[in-house]
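J.:
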């Protein structure tokens, strides 16, 4: 069977749900495509995006150290700390609240302590809504990181070289959601991003079907 490579526009166009973007871009910036999957262009073009549900629920995830999920969705996987944004609560306030509840630390008012790193749209065939997830990066915190009923925090090295890892294990991408390896390096390098990932299957057993991630290019 003969196949043809689809137009480049099919690979670089922003997926449904991210256009219009769920974030306000800085002036003179735009979204630069970063990575997508499946990697094969023909397979990517032939895998349709799931129809967007009417209901979108807002969540937050905060990266300070990774935590092993002890209960709920994603049990047994390493995740950031986070959860639902409550009514009349901003995503930033929710991120601070969830971090305190799950890791026992607070964010000081010092500028740059916590920054919005990216926004993800996550869909899975096992629920009828879409997850809008605001991702935050924490560089300063107060208190001692402690284990909670929901999360077991662990430190990992962002550098795979043993000589500079301080004895810490590397980031356990094989024990995380499949597409985390697409955006976590962007967060660690302070590159703002947006993305969408469609999963199929039942909750914790679901697998990535199609995904797209872009970088907020501030150099335009």
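Numbering (this note's numbering), first residue to last: 41 to 260. C-beta: ideal position from N, C-alpha, C; glycine also.
Which class does residue 160 belong to by DSSP, given the choice of helix, strand or coil?
T.: Stepping through the chain shown from its first residue, residue 160 is reached at position 120. Of the three classes helix, strand and coil, the one that applies to residue 160 here is strand, per DSSP.
J.: Distance, Cα to Cα, residue 232 vs residue 155?
T.: By 1-based counting over the chain shown, the position of residue 232 is 192. By 1-based counting over the chain shown, the position of residue 155 is 115. Approximately 10 Å, taken between the alpha carbons.
J.: Apart from the five residues just before and just after residue 46, which ones in its own chain have a Cβ nearer than 7 Å to its Cβ?
T.: Along the chain shown, one-based indexing puts residue 46 at 6. In this prediction, residue 46 has a pLDDT of 43, which is less than 50 and means its spatial position is unreliable; what the coordinates show is noted afterwards. So the qualifying residues of the chain are 81, 82, 85.
J.: Roughly how many angstroms separate the alpha carbons of residue 281 and residue 219, rounded to a whole number?
T.: Nothing can be reported for residue 281, as the shown portion of the chain is limited to 41 through 260.
J.: Taking buried to mean at least 16 other C-beta atoms within 10 Å of its own C-beta, is residue 79 buried or exposed?
T.: For the purposes of this step, residue 79 is taken as the residue at position 39 of the chain shown. So residue 79 ends up on the exposed side.
J.: Do the segment 88-103 and the segment 159-171 meet, that is, are 3 or more Cβ pairs less than 8 Å apart?
T.: They touch, by the three-pair rule.
J.: Please report the residue range of the beta strand (DSSP E) in which residue 169 lies.
T.: In the chain shown, the residue the question calls residue 169 occupies position 129. Note, residue 169: premise wrong, no beta strand (DSSP E); not H, not E.
J.: Name the one or two DSSP bridge partners that residue 182 has.
T.: One-based indexing of the chain shown puts residue 182 at position 142. In the DSSP output, where bridge partners are listed per residue, residue 182 has 146.
J.: Taking the continuous alpha helix (DSSP H) assigned at residue 221, which residues delimit it?
T.: Reading the chain shown from its first residue, position 181 is the one you call residue 221. It spans 220-228 - the alpha helix (DSSP H) in which residue 221 sits, taken as one unbroken run.
J.: Give the straight-line distance between the Cα atoms of residue 159 and residue 137, rounded to the nearest whole angstrom.
T.: Here residue 159 refers to the residue found at position 119 when the chain shown is read from its first residue. Here residue 137 refers to the residue found at position 97 when the chain shown is read from its first residue. Their Cα atoms are separated by approximately 18 Å.
J.: Which residue comes first and which comes last in the alpha helix (DSSP H) that contains residue 84?
T.: For the purposes of this step, residue 84 is identified with residue 44 of the chain shown, where counting begins at 1. That run of the alpha helix (DSSP H) goes 81-86.
J.: Once the 5 residues before and after residue 75 are set aside, which same chain residues still bring their CB inside 6 Å of it?
T.: As a position in the chain shown, residue 75 is number 35, starting the count at 1. 222, 253.
J.: Between residue 229 and chain C, is any beta-carbon pair separated by less than 9 Å?
T.: Any reference to chain C falls outside this structure, which holds one protein chain only.
J.: So residue 101 and residue 116 are in contact, right, with Cβ under 8 Å, and what is the actual spacing, rounded?
T.: Here residue 101 is taken as the residue at index 61 of the chain shown, counted from 1. Here residue 116 is taken as the residue at index 76 of the chain shown, counted from 1. 17 Å between Cβ atoms; not a contact.
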